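Residues 743 to 1250 in the numbering used here are what the sequence shown lists, from first letter to last.
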Amino acid sequence: MDPPRTSHLSPRKKRPRQTGALMASSPQDIKFQDLVVFILEKKMGTTRRAFLTELARRKGFRVENELSDSVTHIVAENNSGSDVLEWLQVQKIQASSQPELLDVSWLIECIGAGKPVEMTGKHQLVVGRDYSDSTNPGPLKTPPIAVQKISQYACQRRTTLNNFNQIFTDAFDILAENCEFRENEDSCLTFMRAASVLKSLPFTIISMKDTEGIPCLGSKVKGIIEEIIEDGESSEVKAVLNDERYQSFKLFTSVFGVGLKTSEKWFRMGFRTLSKVRSEKSLKFTRMQRAGFLYYEDLVSCVTRAEAEAVSVLVKEAVWAFLPDAFVTMTGGFRRGKKMGHDVDFLITSPGSTEDEEQLLQKVMNLWEKKGLVLYYDLVESTFEKLRLPSRKVDALDHFQKCFLIFKLPRQRLDSDQPSWQEGKTWKAIRVDLVMCPYERRAFALLGWTGSRFERDLRRYATHERKMILDNHALYDKTKRIFLKAETEEEIFAHLGLDYIEPWERNA
Ligand code: DCT
Ligand code: MG
């Protein structure tokens, strides 16, 4: 292990990573062989050039430090085509027959997309015209004017899975998780909101100027962004990743049924590995934790979309055997378009009789037990009847009947072979949540179970901006003292006076 470097302990380090950033990528890192990029330092500066070089290389682009005849794309900032040509003439080396002369916005879009994007007129540098005029803003080059209008609420932003700022959001996700482990709610929220707003930006943050006007970025957060821009990493994140408590909590909470309290207990008892915990005779595990340990390897390997779809077919088959008119919707991350998840969530509802509904989940479990398709289940009865008002607590659990289970997915159910499956294995343990809601509550339940930070901000928005209370069951207008009905998610957005945001735009 390397000894701690003093430079990493000082709050503002001076670019220790720059030499690294300017080293050429090894050939195996290069994904796009036909493209040889050269970034012009003139008018861009060393730091920004190094930062862009590193970002582009991380995404698999070949970025050369020196101009050579193999260069196919020259990227410049605040230079006209004529400026670049003039510069090229001064260089002794000839570039390839006709390299593309492009504005930096093209490279930034490529970095954001993780692949080369089409070169359009807005990217091409024009020869014989002053390029630094405002006729070619390039939406992703610098923050668009829309930055001024970015809402502090995730429910007023469109957040797709196309994250242009992953280098920053990964850092804030780790810091938020660490605060969660330390039960430091305020800091956790600060970092989560920062990550969330950055995920919604249509451009990559490249300099501190780009952060101007963006909400949810306080001085602490900005300090971290600045450090990442300068050094390519944050010393605080590095320290967290090396922290024993963080590592232990991360490990312990990866077991199904283990939360913060149990992790804290095990950590205090001096445990640092799962094998030590498992072999400790004095520890008593819940039924859920025992199942968590038993199927650990399968459960930590994420669920793919193909696996989720295969589970979906079996869920529908079982539900429709008892309630042919039931609606079964995959919710959670998969509804938001994610390709991977830690579980598969389903919402079930039926316009039929409530009695049949009440029995449904138990009947499905009985059927699956007979077929050997369920490895563990915990059926939680509905507490919905006792409810009068939607809960004021933003993170409160809902009161629908639900079943948390570990499904035994047979291999032949998958269309394509899964690379994650061990050879010879005939099934995989998959975490599944089934939620059953009354038919007239389905829009609220669907909105809630589609999840992410988006959902929490929707509730916060309702409370603070509309004097309404929203939860997974209902929307209550405190001023009018009435419950607002809704058949669809669109109607809920309309009640709240919000533009409708599609599920795949809710990855906040
Ligand atoms: N949810 C809820 N009440 C709960 C638990 C969850 O309303 N008690 C909502 C919020 C998120 C959604 O259900 C699905 O939860 P997760 O499966 O934890 O999140 P996810 O977005 O599906 O992420 P993952 O891909 O990790 O499953
Ligand atoms: Mg999920």
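No residue lacks a Cβ here, since even glycine has one placed at the ideal position from N, Cα and C. From a predicted model like this one, the values you see are computed outputs, not experimental measurements.
query	result
Collapsed DSSP secondary structure at ASP912 in the structure displayed	helix
GLN908 burial status per 10 Å Cβ neighbour count (16 or more: buried)	buried
Under the three-state DSSP convention, the category PHE1278 falls into	With the chain covering 743 to 1250 only, the question about residue 1278 has no answer from this structure.
CA-to-CA distance, ASP1120 to THR1221, given in whole angstroms	39 Å
7 Å CB neighbourhood of TRP1062 in its chain, flanking five on each side removed	ALA1068
heavy atom of ligand 1 below 7 Å from SER1124 C-beta	no
Sub-8 Å separation of THR932 and VAL963 beta-carbons	yes
Three-way DSSP call (helix, strand, coil) for GLN1101 in this model	helix
Reference PHE1076, options THR1096, GLY955, VAL1045, closest by Cα	VAL1045
At least 3 beta-carbon pairs within less than 8 Å: the stretch 1183 to 1199 vs the stretch 1211 to 1231	yes
Exposed unless 16 or more other CB atoms sit within 10 angstroms - verdict on PRO858	buried
PRO881 (DSSP reduced to helix, strand or coil)	Residue placement at PRO881 is flagged as unreliable, the pLDDT there being 35, under the threshold of 50; the coordinate-derived value follows with that caveat. Note: PRO881 maps to coil in three-state DSSP.
Inter-stretch contact (C-beta, 8 Å, three-pair minimum) for the stretch 1188 to 1206 and the stretch 893 to 909	yes
Pair within 8 Å by beta-carbon distance, LEU844 and THR814	no
Closest Cα partner of ALA1048 within the set SER961, GLN1154, MET861, CYS958	GLN1154
8 Å Cβ shell around ALA1033 - same chain, five flanking residues per side excluded	PHE998, GLY999, LEU1117, TYR1118, ILE1148
Closest residue to SER810 among PHE780, SER847, LYS1167 (Cα-Cα distance)	PHE780
ARG1084 beta carbon near ligand 1 (any heavy atom closer than 7 Å)	With the sequence shown as reference, residue 1084 is identified as His, and Arg is not the correct amino acid for it. Yes - ligand 1 has a heavy atom lying nearer than 7 Å to the Cβ of HIS1084.
LYS1144 versus SER990: straight-line alpha-carbon distance, rounded	30 Å
Of the residues ARG790, ARG791, LYS801, the one placed nearest ASP771, counting alpha carbons only	LYS801
Proximity below 8 Å, CB of ASN820 to CB of LYS864	no
Check: SER1043 C-beta below 7 Å from any heavy atom of ligand 1	no
Identity of the residues DSSP links to PHE906 by a beta bridge	Paired residue(s): none; PHE906 is not in a bridge.
At least three beta-carbon pairs within less than 8 Å, the stretch 1010 to 1025 to the stretch 1106 to 1116	no
Residue environment, GLY1166, which counts as buried when at least 16 other CB atoms sit within 10 Å	exposed
Heavy atom of ligand 2 within 7 Å of ASP1087 beta-carbon	yes
Member of TYR1203, CYS1179, SER929 whose CA lies at the smallest distance from the CA of HIS1215	CYS1179
Residue burial classification, PRO841 (beta-carbon count within 10 angstroms, cutoff 16)	buried
DSSP state of TYR1218 mapped onto helix, strand, coil	strand
Three-state secondary structure assigned by DSSP to HIS865	coil
Bridge partner(s) assigned by DSSP for GLY1083	VAL1045
Per-residue DSSP class, three states only, for ILE1090	strand
DSSP state of VAL1061 mapped onto helix, strand, coil	helix
Contact test: ASP1040 Cβ vs ligand 1 heavy atom, cutoff 7 Å	no
GLY1190: CB within 7 Å of a non-hydrogen atom of ligand 2	no
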